[in-house]
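Note that this note's numbering has the sequence shown beginning at 500, numbered continuously upward.
Cβ coordinates follow ideal geometry from the N, Cα and C atoms, glycine included.
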Amino acid sequence: MVTENTLPSPLVTVFLFAHQDDEYGVYELIHQSVCQGRQVMCIYFTTGVRSTDDPSTRNRESLAVLNDMGVPADNVIFAGAALGISDLNLHRSLREASDWFEAWLLSHSHIDEMFVTAWEGGHPDHDSLHAIAVHTCVRVGIANVLRQYSLYNAFNRPKPFFRVLAPLPHNGRVDLTSIPWSRRLRFLKYTLRYSSQRGSWVGLFPFMLLHYVLRGTQAVQGTSVERLQERPHDGPLYYEHRKFATWPDVRSRIQEWRAQKDNSSIADD
């Protein structure tokens, strides 16, 4: 006889974000996961603001959008706030973030889907989170569940232009899912709810609109630990255009962190 205590646990889908509002890259995936009855977990790895600023407004904005999509607040973790990792500083906090994430993964079972920001040179926090996710999932033996989603990059774009929701060919095959028109409109409305980020969304929204009108797809790609040794794409990266960081600095910090982690066992962390 099947009782409440013997019912199978729901499968878990984990979404990894660097900043509040990064969920715009996976609206359709979140919707599908909720509709399938999966337990959806969302983790934010930075505060999304400068070290001297309060992240509570950004937290509330993302919580409101996620709640509307069916993700309860208890399933949203602001790890970056707990760890004191501010915007633009994840590549300087790789050890702290990866140690926390590794411990979290080891304490959670039934994860069979995980999505992380792409390795695309758009923002140093996005690429740093990608490195953390790929390396840590390999360490704990669940690399097969991890996939990546694009937010923005400067591949084949002159300064100061960029591409939105445009996966890099360097990251392998792209799997596409068509988004119904009704949800495209709903998702566009969600982007208007990040009031604290109006400055950023003035630049992002036109490209989001074009994407939903012309393509209207959710795109994901596989991940590869080998890609962590490669420049995301030829030419200047978008975060270099913006002077957020340089590729040599991000690369050297990731290489140093990976070497340290590879010389330690999971039990030692």
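- Straight across, the Cα-Cα distance linking N566 with V575 is about 10 Å.
- Remark: C-beta atoms of A718 and P666 approach each other more closely than 7 Å.
- Judged by DSSP in its simplified three-state form, S532 adopts helix.
- Counting only the Cα atoms, A632 lies some 18 Å from A580.
- The bridge partners DSSP lists for M613 are V513, L645.
- Minimum Cα-Cα distance from D611 among the listed residues L510, S649, L713 corresponds to L510.
- Counting along the chain, the unbroken alpha helix (DSSP H) around Q754 starts and ends at 746 to 761.
- With contacts defined as CB atoms closer than 7 Å, M613 and V513 qualify as a contacting pair.
- In this structure, H518 keeps its C-beta atom at 7 Å or more from the C-beta atom of T556.
- Contact annotation, E522 with S561: C-beta distance approximately 6 Å; criterion of less than 8 Å satisfied.
- When the alpha-carbon of M568 is set against those of S550, Q538, N588, H590, the nearest one is in Q538.
- The beta carbon of I529 is closer than 7 Å to those of F514, E522, V539, M568, V570 in its chain, skipping five residues each way along the sequence.
- Taking I753 as the centre and dropping the five residues before and after it, the same chain places the C-beta of A630 closer than 6 Å to its C-beta, in chain order.
- I542: not part of any alpha helix (DSSP H); member of the beta strand (DSSP E) spanning 538 to 543, first to last residue.
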